[in-house]
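Numbering (the numbering used here), first residue to last: 1086 to 1633.
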C-alpha cells in the first residue's frame, strides 16, 4: 500500500472512511463540522475519496448527502481524480449514481491523464465497467471542451470498438460522423481499422450455434438505446466534414506520451505467460489484491469430509475444467483488446493454452466416456424394467367381461398402488433422461470449451436423474410388496423400508462425492472474487517489450 500521510487531527476520520465506519465518521463530523469539506491527507483526498477508493457504498451515500456539491469536485494531488473517477475505477455503479446526482458537473471533469469518467471507464473496461459505461454515456455532455470531438472523440470511438461496446460506437458515429475520418492520436488508427482487426465481430468470423444463427437476422438494433435520455444530443448534426477541426477550440488534454508510443502492447507482452499479465494490472493499493485473491469461504462439514478423503481421486477429468476456470478468471481481468495479443512466436494465449492441454483433454475424454458408458447401461436397464412394470402391475387385472371394471388393475383403489404408479413413472422418466444425458456426453465432440460448462452440466443432470431413478424404482418395488403381502404380513412394511434404503445409501455413498464435487466446481463460488477494475499505472504504458 502506498504511503498516505494523514493530516493532523484527521486520523480518526481517515480510518473511519478507510474501514467504511460511518458511525465513527458521523461522530467526528458532529465535533468537527468543517471537516466534511476539507482534505484529510497530503494527497488532498477528502473522506469521500477514501471511501470511494475502498468501495464503501453506505459510507459514500451518507457523506455525499451531507457534503456541499462543490466539494465533490476536489481532485487528488497526483492523479487529479475526483471521487467519481474512483467509483468508475472500481465499477461501483451505485456510488457513481449517488455522486452524480449530487453534482452533475463531475462527468465533464478530467483527471491527470485528461480523461473524463466515461473515457476512464472505457480505458479501464472489465466486466464491472460495462454497466458503468452504459450509465455514463447518456449523462456525459457534449460541452466545450467536448470528449466527443476531434482526436479525443476518435479515441473514444476506437476504445468503444475495442472493448465491444458496439451500440455506443454506433451512436457515436451517428451523432458525430466526423469521428469516422479522424484518427485516434494515441493509437494512430481510425475506428474502422480497429473494427476490421476483430474478425469475431462479423457473422462470418463469429462462432455462433445453430439457433444463434437462426435468430441473428431477426435481431433489431436500437441505435437510440445507447444515448438514453441524453438531452444534449444535437439533432442537427453539427459534425460536418470540415467542422470537426473547428470544434477543437482550446487545448484538449490528451493521453500520456507513453500511450502514443505503445498503442497495442500496454498490458500483455507475452500472451503465453498470464502471470506477467497479472503483474501489469497491479496497482499500488491492496484493493486489487483483495478483488483477485482465491476465494476461501468455509465449506459445510460434509464437503470438507469429501474434500479430504475423496478429492485426490476426483480432481483427476475435473482438472481440465479447473484449468479452464483459471484461464477465464485471468482473462476476465484483462482489457478485451489485449486478449488476442501474441507473444514473440505469434501465438495467442488461447492457442498456447490449447496446445499445452491437449493431453489433459484426451485424459478427460477417456474418463468421461468410461463414466458415461457405465452409467448409461445402468440407466437403460432401469428404463427397461420400469417400462415393463407399467404394464405388468402387481396383482394383475380384473378379467370379468360382465363387469364395468374389466381390465382395470386389481389394487387400483389402494394407496400402495398409487405410490407404485407414481414411483414407477418417475423412475422411467428420470432414467430415460439420464440415458439421454450420458448419451450426449458419450457422443460429444470433446472440444476444450466443452469441459468448462457443457460436459459438467450434462454429467450433473445425468448422475442426478440416475440417483432419482434408482431411488424411485426401489420405492415402486417396496410398494408392490406391500400390496401383495400387506394384508397378511403387515409388519413386513418396516423391514422392506429399511432394506430398500440400503442400496440407495450405498449408491449415495459411492457416487455422492463425485456429484457434489462437480456441482461445487461448476457453480459454488469462483477462483477469483469478482474483479472490479484494472488500476492503471505509468509503468503499464512503458511495458512495451521488444519482439525478436
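Where is the CB? At the ideal position from N, CA and C, for every residue including glycine. Small disclaimer: the values here were computed from a predicted structure and weren't measured.
In this structure, the beta-carbon distance from residue 1512 to residue 1557 falls below 9 Å. For residue 1598, the three-state secondary structure derived from DSSP is helix.
With a cut-off of 8 Å on Cβ pairs, the segment 1530-1548 is not in contact with the segment 1491-1498, counting fewer than three such pairs. CA-CA distance, residue 1279 to residue 1412, rounds to 25 Å.
The residue among 1282, 1243, 1262 with its C-alpha nearest the C-alpha of residue 1270 is 1243. A distance below 6 Å between beta-carbons, with the five flanking residues on each side excluded, links residue 1249 to the following residues of its chain, in chain order: 1421. Judged by beta-carbon spacing, residue 1204 lies beyond the 9 Å limit of residue 1226, meaning their Cβ atoms are not closer than that value. Measuring C-alpha to C-alpha distances from residue 1553 to each of 1580, 1589, 1262 identifies 1589 as the nearest. Classified as exposed, residue 1595 has fewer than 16 neighbouring CB atoms from the shown chains inside 10 Å of its CB. Annotation: the continuous alpha helix (DSSP H) that includes residue 1186 extends over 1178-1187. Fully enclosed alpha helix (DSSP H) runs of no fewer than 4 residues occupy 1235-1247, 1251-1260, 1276-1281 of the segment 1224-1299, in order along the chain. Residue state for residue 1482 is assigned as strand, using DSSP reduced to three classes. By DSSP's assignment, residue 1091 forms a beta bridge with 1126. Sequence-distant partners of residue 1438 (beyond 5 residues in either direction) whose C-beta falls short of 6 Å from its own C-beta, in its chain, are 1412. A buried status is given to residue 1408, since no fewer than 16 other beta-carbon atoms sit within 10 Å of its beta-carbon. The residue among 1158, 1100, 1146, 1463 with its C-alpha nearest the C-alpha of residue 1122 is 1158.
Going by DSSP, residue 1134 is part of the alpha helix (DSSP H) stretching over 1132-1139.
Judged by DSSP in its simplified three-state form, residue 1153 adopts coil rather than helix or strand.
It is roughly 17 Å from the alpha-carbon of residue 1217 to the alpha-carbon of residue 1188. When Cβ pairs closer than 8 Å are counted between the two stretches, the segment 1124-1131 is seen to touch the segment 1088-1098, the count reaching three or more. Exclusion of the five residues before and after residue 1105 leaves 1136, 1139, 1141, 1143, 1144 as the residues of its chain whose Cβ lies within less than 7 Å of its Cβ. Distance from the Cα of residue 1173 is smallest, within the candidate group 1202, 1163, 1517, 1149, for 1202. In this structure residue 1561 does not touch residue 1514 by the C-beta definition: roughly 13 Å separates them, more than the 8 Å allowed.
With the rule of 3 Cβ pairs closer than 8 Å, the segment 1512-1532 counts as touching the segment 1468-1485. Residue nearest to residue 1550 within the set 1520, 1570, 1567, 1526 is 1520 (criterion: CA-CA distance).
Looking at the backbone, the Cα of residue 1587 and that of residue 1542 are separated by about 28 Å. Residue 1569 is positioned such that its CB atom lies closer than 9 Å to that of residue 1479.
With a cutoff of 9 Å on beta-carbon distance, residue 1434 and residue 1416 are scored as near each other.
If the five residues before and after residue 1529 are omitted, its C-beta is found closer than 7 Å to the C-beta atoms of 1535, 1540, all from its own chain and listed in chain order. Looking at 1184, 1197, 1492, the one whose alpha-carbon comes closest to that of residue 1161 is 1197.
In the three-state reduction of the DSSP assignment, residue 1471 falls in the helix class. When C-alpha distances from residue 1404 are compared across 1429, 1443, 1426, the shortest belongs to 1443. DSSP lists 1427 as the bridge partner or partners of residue 1433.
Here residue 1281 is exposed. Its C-beta has fewer than 16 other C-beta atoms within 10 Å.
Judged by their CB atoms, residue 1454 and residue 1527 are nearer to each other than the 9 Å cut-off.
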